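Participant: The sequence shown maps to residues 540 to 948 in the working numbering.
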Amino acid sequence: ALRAEANACPPEELLSSVYAGIDLGKHVFTSTLRYFRSAKFDPDDPVFVAKARQYLGSALVMTEAVRNAYRTLAPDKLFSSHGMYATWGPWAAMARAMNIRCDIYGGGWRRNTLICQHDAERFAHADDIWERFQDVALSAEENERLTQYLASRETNSGDAFRYFDTVDRDAESWLERVGASGEWKSRVCLFTNVGWDAARYRQEGVFGDMFGWVVETAKHYRNHPDHLLLIKVHPAESKFREKTPPEWTVVRVLERALGALPKNVKLILGEDDISNHALGHVIDLALVHTSSVGFEMALLGRPVLTTGGAVHYEKDGLVLRPDSVADYFEALARLFRGETPPQPDAIRARRYAYTIYFRKSIPFDVIDVEGWTPKAIAIDSLAELAPGRFAGLDALCDGILNGAPLAVE
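(1) Out of curiosity, what's the CA-to-CA distance linking L859 and E853?
(2) Quick one: give me the first and last residue of the alpha helix (DSSP H) that H816 is part of.
(3) In angstroms, rounded to a whole number, what distance separates the CA positions of I916 and A589?
(4) Name the DSSP bridge partner or partners of H766?
(5) Skipping 5 residues on each side, what residues in its chain have a beta carbon closer than 6 angstroms to that of V792?
(6) Could you check which residue in L940, G927, S900 has the C-alpha nearest to that of V947?
(7) Under 7 angstroms Cβ to Cβ from G931, same chain only, skipping five residues before and after it: list those, please.
(8) So within the region 807 to 869, which uninterrupted beta strand (DSSP E) runs reach at least 3 residues, ignoring any that extend past its ends?
(9) Which first and last residues belong to the alpha helix (DSSP H) in which C936 is found?
(10) With A543 as the anchor, note down where its alpha helix (DSSP H) starts and where it stops.
(11) Can you grab the Cα-Cα spacing for the pair F580 / M623, in whole Å?
(12) Sort P881, P842, L595, K758 by Cα distance to D562 and report the nearest one.
(13) Under the three-state reduction of DSSP, which class applies to H773: helix, strand or coil?
(14) Report the start-end ranges of each alpha helix (DSSP H) in the region 647 to 682 that is 4 residues or longer and not cut off at the edges.
(15) Give the range of the alpha helix (DSSP H) segment to which T912 is assigned.
(16) Are the beta-carbon atoms of G910 and A699 separated by less than 7 angstroms?
(17) Measure the C-alpha to C-alpha separation of L800 and V772 and round it to an integer number of angstroms.
(18) Taking the alpha helix (DSSP H) that F587 belongs to, which residues open and close that run?
(19) Per DSSP, S620 is paired with what?
(20) Which residues in the same chain have their Cβ closer than 7 angstroms to the Cβ of Q882, if we skip the five residues on either side of it in sequence?
(21) Going by DSSP in three states, E948 sits in which element: helix, strand or coil?
(22) Alpha carbon to alpha carbon, how far is V790 from V717? Give it in angstroms, no decimals.
(23) Could you tell me whether the Cβ atoms of V754 and A796 are closer together than 7 angstroms?
(24) Say whether the region 758 to 770 touches the region 884 to 897, bearing in mind that this needs 3 or more beta-carbon pairs closer than 8 angstroms, one atom from each stretch.
(25) Where do the ends of the alpha helix (DSSP H) carrying P629 lie?
(26) Can you check which of these residues, R701, E722, L767, I822, is closest to K778 by C-alpha distance?
(27) Roughly how many angstroms lie between the CA atoms of A849 and E781, to the nearest whole one?
Dropping the structure here:
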């Protein structure tokens with residue numbers, strides 16, 4: 540009966556579906572985009588709609604099953620992955636609806652770490668502990684630890700996902716090679732993200748979606764030929780294990796919208812190994828949607844203008860966040876007029892970096908994981924999981940069982 544209900548759902552109502560008080564539209568949205576690895580939900584494509592109805596059916600069945608399970612088991616708490624897709628998403632949503640505590644986990648940036656939240660879906664932020672630590676000075680040891688990790692971000696050698704073994708650090712030579720050297724009144728780099736990332740759900744900023752932002756920004760530069768815009772495609776488009784289909788790549792979207800790019804707009808493909816850090820030293824402003832590279836630019840002292848999509852590092856003193864499309868282009872206009880954008884607060888940026896990368900990122904050293912692939916296990920028996928051996932595991936258990944902050948000191 541639930542499958543039949545899903546199959547009868549009008550296309551325009553798929554993203555607003557509600558059952559048992561649970562918003563299932565988000566699970567349909569994220570699951571369908573992930574399946575097609577597309578950037579938009581297309582209600583006019585019958586293939587797209589058919590798959591979305593399948594996911595709605597799965598979400599409906601799962602919601603009913605979960606409600607029955609909770610009534611039978613009466614659990615004290617749910618511990619679940621991020622809860623966005625149709626499979627396990629209803630578990631977290633129904634837990635909140637039935638006043639069952641729920642802890643959500645997901646992989647952190649640093650290899651073998653988890654970022655967890657109490658009673659929240661989106662896990663990649665430190666909002667729950669930031670107020671506590673924003674005025675706490677870093678020790679010399681903490682500063683050194685952070686410096687070493689930030690240096691590793693250039694090649695992601697210390698992270699779960701690594702896209703390049705080596706990078707090109709000579710930005711000036713690179714600019715000359717791609718025809719972007721010479722005198723420019725300003726140099727700006729726009730960093731894209733993966734269009735189908737579930738983290739985008741209902742957080743599309745002032746432009747509505749990432750591609751609208753990319754296209755409108757590129758169009759804008761047609762009227763400012765003395766200013767350089769670099770558009771750097773996220774390497775995950777071509778290097779992630781689930782590659783982005785050609786029709787949803789930044790290159791193809793720009794071709795459809797603009798044809799030939801203006802001469803002052805240069806595209807950096809995902810395969811290009813030019814270092815983000817090197818680019819950061821030759822640009823006047825970084826533009827970002829949800830990519831974590833925006834925070835890296837802020838840590839390098841580069842001004843950063845976001846699209847207002849509620850990315851985790853949109854904190855006072857770190858980045859510029861527009862309230863509207865007009866506000867976004869006015870920020871660019873000030874740059875074009877020769878005004879220097881305000882730089883990030885360096886001390887505040889480093890404090891937030893340590894908070895999100897070390898305090899909020901809980902070490903989970905029991906298993907060595909590369910991306911999503913387990914590489915090794917650090918124990919030979921369950922007895923080795925007793926308290927005291929793995930500090931991160933101890934903190935995780937304390938948070939789950941006792942409601943302690945899901946973080947490490």
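We treat Cβ as the ideally placed atom computed from N, Cα and C, and that holds for glycine. If you're wondering where the values come from, they're calculated on a predicted model, not measured in any experiment.
Facilitator: So, to answer that:
(1) Rounded to whole angstroms, the separation of the alpha carbons of E853 and L859 is 8 angstroms.
(2) Counting along the chain, the alpha helix (DSSP H) containing H816 begins and ends at 815 to 819.
(3) Distance between I916 and A589, taken at the CA atoms: about 41 angstroms.
(4) Looking at the DSSP output, H766 bridges to S725.
(5) Excluding positions up to five away in sequence, the list reads F750.
(6) Distance check between V947 and each of L940, G927, S900 places S900 closest, using alpha-carbon atoms only.
(7) Contacts found: I901, P902, F903, D904, V947.
(8) Assignment of beta strand (DSSP E) within the region 807 to 869, counting only whole runs of 3 or more residues, yields 824 to 827, 843 to 845 in chain order.
(9) Under the DSSP assignment, C936 falls in the alpha helix (DSSP H) whose first and last residues are 930 to 941.
(10) Membership of A543 in the alpha helix (DSSP H) is indicated by the continuous run 541 to 546.
(11) Distance between the alpha carbons of F580 and M623: 16 angstroms.
(12) Taking only the C-alpha atoms, the option nearest D562 is L595.
(13) Residue state, collapsed to three classes: coil.
(14) If we require 4 residues or more, the alpha helix (DSSP H) runs fully inside the region 647 to 682 come out as 666 to 672.
(15) From DSSP, T912 is part of no alpha helix (DSSP H) but of the beta strand (DSSP E) over 912 to 916.
(16) Taking 7 angstroms as the Cβ cut-off, G910 and A699 qualify as a contacting pair.
(17) Pairing L800 with V772, the inter-Cα distance amounts to about 15 angstroms.
(18) For F587, the enclosing alpha helix (DSSP H) starts and ends at 585 to 612.
(19) DSSP, once it has assigned bridges, lists Y644 as partnering S620.
(20) Counting only Cβ-Cβ distances below 7 angstroms, and skipping sequence neighbours, we find G840, P842.
(21) Correct three-state label for E948: coil.
(22) One alpha carbon belongs to V717, the other to V790, and they sit about 16 angstroms apart.
(23) Contact: yes.
(24) In short, these stretches do not touch, since the Cβ pair count stays below three.
(25) Residues 628 to 636.
(26) Closest option to K778, Cα to Cα, is R701.
(27) Linking A849 to E781 through their CA atoms gives a straight-line distance of about 25 angstroms.
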